Amino acid sequence: MRPAPLDREAGYALLDTLQDEHTQQAALPGLEAMAPGFGDWVVTALFGGTYQREGLSLRDRQIANLAALTALGGVEPQLAGHVRTSLRIGMARTEIAEVLVHVAPYAGVPRALAGLRAAATALDGTEGER
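Quick note, in our numbering, the sequence shown goes up one by one and the last residue is 1597.
Structure follows, in C-alpha coordinates:
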(Lines of atoms letter the chains of each structure in order from A and count residues from 1; the text may use other names and numbers.)
(Lines give C-alpha, C1' and ligand atoms only; values in the text may rest on other atoms or scores of the structure.)
Protein backbone atom coordinates (compact mmCIF):
# COMPACT_ATOMS: atom_id res chain seq x y z
CA MET A 1 0.00 0.00 0.00
CA ARG A 2 1.33 3.41 -0.98
CA PRO A 3 1.61 5.85 1.95
CA ALA A 4 -0.65 8.87 1.74
CA PRO A 5 0.97 12.31 1.73
CA LEU A 6 0.48 14.04 5.07
CA ASP A 7 2.60 17.13 5.58
CA ARG A 8 1.55 19.59 8.30
CA GLU A 9 4.02 22.29 7.21
CA ALA A 10 2.90 22.08 3.57
CA GLY A 11 -0.72 22.15 4.76
CA TYR A 12 -0.33 25.41 6.65
CA ALA A 13 1.69 26.96 3.81
CA LEU A 14 -1.03 26.03 1.30
CA LEU A 15 -3.75 27.29 3.64
CA ASP A 16 -2.00 30.68 3.75
CA THR A 17 -1.84 30.70 -0.05
CA LEU A 18 -5.47 29.71 -0.58
CA GLN A 19 -7.35 31.44 2.21
CA ASP A 20 -7.33 35.06 3.21
CA GLU A 21 -6.99 35.97 6.87
CA HIS A 22 -10.73 36.67 7.20
CA THR A 23 -11.60 33.15 6.04
CA GLN A 24 -9.03 31.55 8.34
CA GLN A 25 -10.10 33.65 11.33
CA ALA A 26 -13.75 32.81 10.71
CA ALA A 27 -13.07 29.13 11.30
CA LEU A 28 -9.87 28.15 13.05
CA PRO A 29 -9.87 30.08 16.37
CA GLY A 30 -13.48 29.18 17.15
CA LEU A 31 -12.87 25.59 16.17
CA GLU A 32 -9.83 25.41 18.44
CA ALA A 33 -11.83 26.79 21.36
CA MET A 34 -14.59 24.23 20.85
CA ALA A 35 -12.54 21.18 19.84
CA PRO A 36 -8.83 21.62 20.65
CA GLY A 37 -6.59 20.10 18.01
CA PHE A 38 -9.36 19.49 15.48
CA GLY A 39 -8.45 22.55 13.40
CA ASP A 40 -4.86 21.32 13.18
CA TRP A 41 -6.12 17.92 12.08
CA VAL A 42 -8.32 19.51 9.40
CA VAL A 43 -5.47 21.66 8.06
CA THR A 44 -2.98 18.79 8.17
CA ALA A 45 -5.28 16.14 6.68
CA LEU A 46 -6.97 18.35 4.09
CA PHE A 47 -4.38 20.91 2.99
CA GLY A 48 -1.36 18.80 3.92
CA GLY A 49 -2.90 15.57 2.65
CA THR A 50 -5.75 15.60 0.15
CA TYR A 51 -4.57 18.80 -1.55
CA GLN A 52 -1.03 17.37 -1.85
CA ARG A 53 -2.19 14.50 -4.05
CA GLU A 54 -1.34 14.56 -7.74
CA GLY A 55 -3.96 14.57 -10.45
CA LEU A 56 -5.93 17.81 -10.01
CA SER A 57 -4.89 21.43 -10.26
CA LEU A 58 -5.86 23.86 -7.52
CA ARG A 59 -8.43 25.32 -9.93
CA ASP A 60 -9.97 21.88 -10.51
CA ARG A 61 -10.07 21.26 -6.76
CA GLN A 62 -11.82 24.61 -6.23
CA ILE A 63 -14.43 23.77 -8.86
CA ALA A 64 -15.07 20.47 -7.06
CA ASN A 65 -15.25 22.26 -3.69
CA LEU A 66 -17.73 24.86 -4.98
CA ALA A 67 -19.93 22.19 -6.53
CA ALA A 68 -19.82 19.85 -3.53
CA LEU A 69 -20.52 22.55 -0.94
CA THR A 70 -23.37 23.97 -3.02
CA ALA A 71 -24.88 20.52 -3.49
CA LEU A 72 -24.51 19.74 0.20
CA GLY A 73 -26.24 22.94 1.33
CA GLY A 74 -26.30 24.37 4.82
CA VAL A 75 -22.58 25.13 4.73
CA GLU A 76 -22.68 28.71 3.52
CA PRO A 77 -19.72 29.91 5.65
CA GLN A 78 -17.47 27.27 4.08
CA LEU A 79 -18.88 27.99 0.62
CA ALA A 80 -18.23 31.71 1.07
CA GLY A 81 -14.63 30.97 2.03
CA HIS A 82 -14.17 28.81 -1.06
CA VAL A 83 -15.67 31.54 -3.24
CA ARG A 84 -13.00 33.94 -1.94
CA THR A 85 -10.34 31.26 -2.40
CA SER A 86 -11.50 30.76 -6.00
CA LEU A 87 -10.85 34.44 -6.67
CA ARG A 88 -7.42 34.18 -5.02
CA ILE A 89 -6.35 31.40 -7.39
CA GLY A 90 -7.53 33.31 -10.45
CA MET A 91 -11.07 32.17 -11.16
CA ALA A 92 -13.38 34.84 -12.53
CA ARG A 93 -16.68 35.74 -10.87
CA THR A 94 -18.51 34.44 -13.95
CA GLU A 95 -16.75 31.07 -13.66
CA ILE A 96 -17.69 30.79 -9.99
CA ALA A 97 -21.31 31.60 -10.80
CA GLU A 98 -21.37 29.08 -13.66
CA VAL A 99 -20.10 26.30 -11.38
CA LEU A 100 -22.98 27.01 -9.00
CA VAL A 101 -25.53 27.20 -11.84
CA HIS A 102 -24.20 23.90 -13.18
CA VAL A 103 -25.15 22.24 -9.87
CA ALA A 104 -28.88 22.99 -10.39
CA PRO A 105 -29.84 19.99 -12.55
CA TYR A 106 -27.89 17.61 -10.33
CA ALA A 107 -28.64 18.84 -6.80
CA GLY A 108 -31.67 21.05 -7.37
CA VAL A 109 -32.49 24.64 -8.14
CA PRO A 110 -32.97 25.58 -4.45
CA ARG A 111 -29.41 24.44 -3.63
CA ALA A 112 -28.00 26.33 -6.62
CA LEU A 113 -29.93 29.47 -5.63
CA ALA A 114 -28.69 29.22 -2.04
CA GLY A 115 -25.15 28.78 -3.34
CA LEU A 116 -25.49 31.82 -5.58
CA ARG A 117 -26.79 33.91 -2.66
CA ALA A 118 -23.83 32.82 -0.51
CA ALA A 119 -21.45 33.58 -3.36
CA ALA A 120 -22.97 37.02 -3.94
CA THR A 121 -22.52 37.85 -0.25
CA ALA A 122 -18.92 36.60 -0.32
CA LEU A 123 -18.17 38.59 -3.46
CA ASP A 124 -19.44 41.85 -1.93
CA GLY A 125 -16.37 43.87 -1.09
CA THR A 126 -14.19 42.09 -3.65
CA GLU A 127 -15.05 44.42 -6.54
CA GLY A 128 -11.42 44.93 -7.49
CA GLU A 129 -10.86 41.23 -8.01
CA ARG A 130 -11.60 39.30 -11.19
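Idealized CB from N, CA, C, for every residue including glycine.
What you are looking at is a predicted structure, and each value in this text was computed from that prediction instead of being measured.
In the structure shown, Ala1589 adopts helical secondary structure according to DSSP, grouped into three states. DSSP places Met1501 in the uninterrupted alpha helix (DSSP H) bounded by 1488-1501. Leu1567 is the residue among Leu1567, Ala1574, Thr1517, Arg1520 whose C-alpha sits nearest the C-alpha of Arg1584. Between Ile1556 and Leu1485, the CB-CB gap stays under 9 Å. With at least 16 other beta carbons inside 10 angstroms of its own, Met1558 counts as buried.
A direct Cα-to-Cα measurement between Ala1471 and Gly1522 gives close to 14 Å. The three-state secondary structure of Ala1559, taken from DSSP, is coil.
Assignment of alpha helix (DSSP H) within the segment 1509-1564, counting only whole runs of 4 or more residues, yields 1525-1539, 1543-1555 in chain order. Note on Gln1529: 16 or more other CB atoms within 10 angstroms of its CB, so buried under the neighbour-count rule.
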